[in-house]
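K.L.:
Sharing a structure below in structure tokens format, with a few things to ask.
Residue numbers (the working numbering): 10 to 192.
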């Protein structure tokens, strides 16, 4: 009987000490302030990442590098949405283009993309294009816009409305209201 009482007393002491330790930890955690509240993502967003750097090298025609302040993945819509984006495109023939804009979206199935808000394209040979909206068709390897554009390089300035640029053959077509000035 004495052995049984000792075990009960020891077990009671161990449980008491454990409860005191847990109570002390809980009171300590309550004193630690939260640095920032937890942000709840919208229901349709499956993943959100900040300071994104993504490189796609599987395409034989081009290498894409995407940098963005944030990216949100919407699995059901097969979309990735980027904010404050910079896209570097290196073509098969070695030409490099840097695209920047406020927002962009990429269809993860088709690899079609769009970029909007303060859109700029700068080529490695000094060509500079600005517009407010640009789309890219992966199937056609073509950039397209119906918006006003301004293209500049050291030799000329060209303005127009609407443009199509083929990455396959480099063909550039301006649709309307085209004016040009040489320098």
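For each residue, glycine too, the CB sits at the ideal point set by N, CA and C.
Quick caveat, the model's predicted, so the values are computed rather than measured.
Hey, out of 114, 78 and 105, whose CA is closest to residue 84's CA?
P.N.:
If we check each option's Cα against that of residue 84, 114 comes out closest.
K.L.:
Alpha carbons only, please: which of 99, 132, 180 and 158 is nearest the one belonging to residue 151?
P.N.:
Here the closest residue by C-alpha is 180.
K.L.:
Let me confirm a value: residue 77 is counted as buried when at least 16 other C-beta atoms fall within 10 Å, else exposed. Which label applies?
P.N.:
By the neighbour-count rule (16 or more Cβ atoms within 10 Å), residue 77 is buried.
K.L.:
Using C-beta distances below 7 Å, list every residue in its chain close to residue 62, excluding the 5 sequence neighbours before and after it, in chain order.
P.N.:
Result list for residue 62: 76, in chain order.
K.L.:
Grab me the residues of residue 140's own chain with a C-beta within less than 6 Å of its C-beta, minus the 5 sequence neighbours each way, in chain order.
P.N.:
128, 154, 156 and 158, listed in sequence order.
K.L.:
Taking just the CA atoms, how far does residue 97 sit from residue 202?
P.N.:
Because the chain is modelled from 10 through 192, residue 202 falls outside the range shown and cannot be assessed.
K.L.:
Alpha carbons only, please: which of 86, 81 and 171 is nearest the one belonging to residue 138?
P.N.:
It is 171.
K.L.:
Can you name, in chain order, every residue of its own chain whose Cβ lies under 6 Å from the Cβ of residue 60, other than the five neighbours on each side?
P.N.:
Excluding sequence neighbours, residue 60 sits near nothing in its chain.
K.L.:
Looking at the strands, I want to know which residues DSSP matches up with residue 92.
P.N.:
According to DSSP, which records beta bridges pairwise, residue 92 is partnered with 79 and 112.
K.L.:
Provide the residue(s) that pair with residue 100 in DSSP beta bridges, ordered along the chain.
P.N.:
DSSP lists 71 as partners of residue 100.
K.L.:
Considering only the alpha carbon of each residue, which of 135, 126, 105 and 174 lies closest to residue 161?
P.N.:
Nearest of 135, 126, 105 and 174 to residue 161, Cα basis: 135.
K.L.:
Answer with buried or exposed for residue 24, where buried requires no fewer than 16 other C-beta atoms within 10 angstroms of its C-beta.
P.N.:
Label assigned to residue 24: exposed.
K.L.:
Under the DSSP definition of a beta bridge, which residues are partnered with residue 106?
P.N.:
Paired residue(s): 98 and 132.
K.L.:
Using a Cβ-Cβ cut-off of 8 Å (strictly less than) and excluding sequence neighbours within five positions of residue 133, which residues of its own chain qualify?
P.N.:
Closer than 8 Å at the Cβ level, and outside the excluded window around residue 133, lie 104, 105 and 106.
K.L.:
Does the Cβ-Cβ distance between residue 71 and residue 176 come in under 8 Å?
P.N.:
Against a cut-off of 8 Å, the Cβ pair of residue 176 and residue 71 comes out as a contact.
K.L.:
Just curious, the beta strand (DSSP E) that residue 143 is in, first and last residue?
P.N.:
Residue 143 -> beta strand (DSSP E) spans 137-146.
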